[in-house]
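For reference, the structure discussed in these notes is given below.
2 protein chains.
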Amino acid sequence: MRIALLGGTGDIGEGLALRFARDTDHEVLIGSRDPEKARDAVADYESILEDHGADATVKGFANEMAADRADVVVLSVPPYYAGDTVDAVADTLDEETILVTPAVGMQGDEDGMHYHPPGAGSVTELVAQRAPDAVPVVGAFHNLAAGKLADLDAEFDLDTLVVADDDGAKKTVRDLAGEIEGLRALDAGPLGNAAEVESVTPLVINIAKYNEELHDVGVKWI
Amino acid sequence: MRIALLGGTGDIGEGLALRFARDTDHEVLIGSRDPEKARDAVADYESILEDHGADATVKGFANEMAADRADVVVLSVPPYYAGDTVDAVADTLDEETILVTPAVGMQGDEDGMHYHPPGAGSVTELVAQRAPDAVPVVGAFHNLAAGKLADLDAEFDLDTLVVADDDGAKKTVRDLAGEIEGLRALDAGPLGNAAEVESVTPLVINIAKYNEELHDVGVKWI
Numbered sequence: 001m002r003i004a005l006l007g008g009t010g011d012i013g014e015g016l017a018l019r020f021a022r023d024t025d026h027e028v029l030i031g032s033r034d035p036e037k038a039r040d041a042v043a044d045y046e047s048i049l050e051d052h053g054a055d056a057t058v059k060g061f062a063n064e065m066a067a068d069r070a071d072v073v074v075l076s077v078p079p080y081y082a083g084d085t086v087d088a089v090a091d092t093l094d095e096e097t098i099l100v101t102p103a104v105g106m107q108g109d110e111d112g113m114h115y116h117p118p119g120a121g122s123v124t125e126l127v128a129q130r131a132p133d134a135v136p137v138v139g140a141f142h143n144l145a146a147g148k149l150a151d152l153d154a155e156f157d158l159d160t161l162v163v164a165d166d167d168g169a170k171k172t173v174r175d176l177a178g179e180i181e182g183l184r185a186l187d188a189g190p191l192g193n194a195a196e197v198e199s200v201t202p203l204v205i206n207i208a209k210y211n212e213e214l215h216d217v218g219v220k221w222i
Numbered sequence: 001m002r003i004a005l006l007g008g009t010g011d012i013g014e015g016l017a018l019r020f021a022r023d024t025d026h027e028v029l030i031g032s033r034d035p036e037k038a039r040d041a042v043a044d045y046e047s048i049l050e051d052h053g054a055d056a057t058v059k060g061f062a063n064e065m066a067a068d069r070a071d072v073v074v075l076s077v078p079p080y081y082a083g084d085t086v087d088a089v090a091d092t093l094d095e096e097t098i099l100v101t102p103a104v105g106m107q108g109d110e111d112g113m114h115y116h117p118p119g120a121g122s123v124t125e126l127v128a129q130r131a132p133d134a135v136p137v138v139g140a141f142h143n144l145a146a147g148k149l150a151d152l153d154a155e156f157d158l159d160t161l162v163v164a165d166d167d168g169a170k171k172t173v174r175d176l177a178g179e180i181e182g183l184r185a186l187d188a189g190p191l192g193n194a195a196e197v198e199s200v201t202p203l204v205i206n207i208a209k210y211n212e213e214l215h216d217v218g219v220k221w222i
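Line by line, the protein sequences give chains A and B.
Counted the way my numbering counts, the first sequence spans residues 1 to 222.
Counted the way my numbering counts, the second sequence spans residues 1 to 222.
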């Protein structure tokens with residue numbers, strides 16, 4: 001399968017790129033609004049992968065090119081770019097392309113981070129509204145510890161929660177996520193349950209802020 | 001210390017009563033609007049504790065009497081009774097009494113459960129608004145797996161998140177929670193961070209609904 005990580009030069013994009021490249025046989029495409037930036041990130045990722053003995057190929061493209069080539073497109077962009085990024089790549093998507101969104105709307109104050117969803121109810125539902133009707137949309141990879149995800153030496157045993165209305169697309173993404181070593185993908189139901197999933201992201205940031213021993217924290221549901 | 005569990009005949013009240021009674025030396029008081037119901041629950045709990053070889057005394061009272069005698073008062077009532085229960089026991093509370101709230105506002109639909117906070121932003125903040133000013137309010141015990149909590153034979157290794165503006169009260173409740181075997185109490189910051197903590201409760205219900213192997217699920221932050 002081909003996996004495009006749009007905004008794949010950011011935190012979550014880097015971690016997913018490295019782990020998909022190291023742990024799976026799928027082809028990883030890094031997308032960026034600036035293809036030069038995508039290619040620079042690819043050089044970094046290939047160097048990290050080589051240092052870890054992984055003989056993986058990662059390719060860099062403009063977002064539109066990456067999305068056009070991919071079977072699974074991950075919108076690893078900040079939440080306020082999610083809608084515009086969907087619009088920018090909409091022509092390259094069809095019912096054969098699964099659109100995955102890990103972004104979460106948050107606002108910080110002196111206490112910590114707070115969940116701040118868009119009017120659609122969640123970024124996941126906003127993406128579903130903006131995507132062409134035939135394109136299956138899946139929410140996943142929201143609450144991962146970004147530092148641990150991008151550190152291939154880190155001990156990694158975390159869960160991710162997956163929401164979708166399309167059962168086939170949900171299964172594909174759960175299977176794909178499960179191919180990452182130490183990652184378990186649980187079913188959190190339809191897109192209408194996305195807000196509760198997304199709101200864990202500000203919470204893990206708050207837990208990291210107030211507990212010294214948990215500076216880069218993720219979650220296991222047990 | 002004396003711990004009063006108001007509404008201590010319900011799910012979370014039962015689990016906390018059994019585990020505080022078995023695992024700590026503190027005195028456990030069960031409160032109910034109907035003292036007869038409290039005494040019936042106490043008989044059940046003492047029988048369960050005896051079956052598990054625990055020689056613990058639990059006492060049953062009307063909510064006001066239980067609160068009056070306690071150092072820590074846990075509002076283990078449904079969220080829509082939380083405010084009225086605070087009003088009912090307000091005269092028995094003072095700056096020496098810590099008021100703990102585990103309740104969460106939720107609404108269900110065909111997809112699952114959804115976080116539905118009161119206008120105060122969270123049940124925890126609503127309780128803080130309704131309590132007399134001098135009384136320290138702590139949010140804790142929100143996201144526990146109620147079945148596991150009340151089953152003294154269940155494998156139990158879960159986290160609870162604690163929020164409070166009063167650092168002393170927060171520490172007391174974290175220490176108290178930590179005395180329950182297999183329970184770790186993490187700091188989630190001030191009361192202003194309560195909504196993100198509370199919103200995990202509908203999420204664990206959704207995870208239980210959609211994952212067969214997790215029918216009574218809790219959370220570890222790792």
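Note that the Cβ used here is the ideal one computed from N, Cα and C, for glycine as well.
Check, Outcome
"Rounded straight-line distance, which links the Cα of residue 74 of chain B to that of residue 126 of chain A", "39 Å"
"Minimum length 4: unbroken alpha helix (DSSP H) runs contained in the segment 110-166 of chain A", "123-130 and 146-150"
"Residue 133 of chain B classed as buried or exposed, judged by whether at least 16 other C-beta atoms fall within 10 angstroms", "exposed"
"Residue range of the beta strand (DSSP E) that includes residue 77 of chain B", "Here residue 77 of chain B belongs to no beta strand (DSSP E), and DSSP marks it neither H nor E."
"Where residue 80 of chain B falls, given that 16 or more other Cβ within 10 Å makes a residue buried", "exposed"
"Of the residues B/195, B/155, B/4 and B/57, the one placed nearest residue 120 of chain B, counting alpha carbons only", "B/195"
"Beta-carbon neighbours of residue 214 of chain B, restricted to chain A and to distances below 9 Å", "186, 221 and 222"
"Pairwise C-alpha distance: residue 52 of chain A and residue 4 of chain A", "22 Å"
"Unbroken beta strand (DSSP E) run spanning residue 29 of chain B, endpoints", "27-32"
"Residues near residue 142 of chain B in its chain [Cβ-Cβ closer than 6 Å; skip 5 each side]", "102, 104, 197, 198 and 201"
"Positions along the segment 166-191 of chain B whose CB lies within less than 7 Å of some CB in chain A", "186, 187, 188, 189 and 190"
"Other residues of its chain near residue 68 of chain B: CB distance less than 6 Å, five sequence neighbours each side excluded", "92"
"Residue interval of the beta strand (DSSP E) (run including residue 187 of chain B)", "183-187"
"Local conformation of residue 65 of chain A per DSSP, three classes", "helix"
"Cβ-based contacts, 7 Å cut-off: residues of the segment 58-76 of chain B near chain A", "none"
"Neighbourhood of residue 14 of chain A by C-beta, 6 Å cutoff - its chain only, sequence neighbours within 5 removed", "150"
"Cutoff 8 Å: residue 269 of chain B Cβ touching any chain A Cβ", "Here chain B comprises residues numbered 1 to 222, so residue 269 of chain B is not present and cannot be evaluated."
"Residue 14 of chain A at chain B interface by Cβ criterion, 8 Å", "no"
"Residue range of the unbroken beta strand (DSSP E) whose run includes residue 108 of chain B", "106-108"
"Neighbouring residues, chain B, relative to residue 224 of chain A (Cβ below 9 Å)", "Any question about residue 224 of chain A goes unanswered here, given that chain A covers just 1 to 222."
"Spatially closest choice to residue 191 of chain A from A/216, A/164, A/82 and A/60, by CA coordinates", "A/164"
"Pick from A/186, A/24 and A/84 that is closest to residue 128 of chain A, judged by C-alpha positions", "A/84"
"First and last residue of the uninterrupted alpha helix (DSSP H) at residue 21 of chain B", "11-23"
"Identity of the residues DSSP links to residue 60 of chain B by a beta bridge", "B/30"
"Residues of the segment 5-37 of chain A with Cβ closer than 7 Å to any Cβ of chain B, in chain order", "none"
"Contact set between residue 202 of chain A and chain B, taken where Cβ atoms lie within less than 8 Å", "196"
"Short CB-CB distance (under 8 Å) between residue 51 of chain A and chain B", "no"
"DSSP bridge partner residues for residue 220 of chain B (one or two, in chain order)", "A/220"
"Beta carbon of residue 218 of chain B nearer than 8 Å to that of residue 204 of chain B", "yes"
"Nearest candidate by alpha-carbon position, reference residue 89 of chain B, set B/176, B/31, B/39 and B/168", "B/31"
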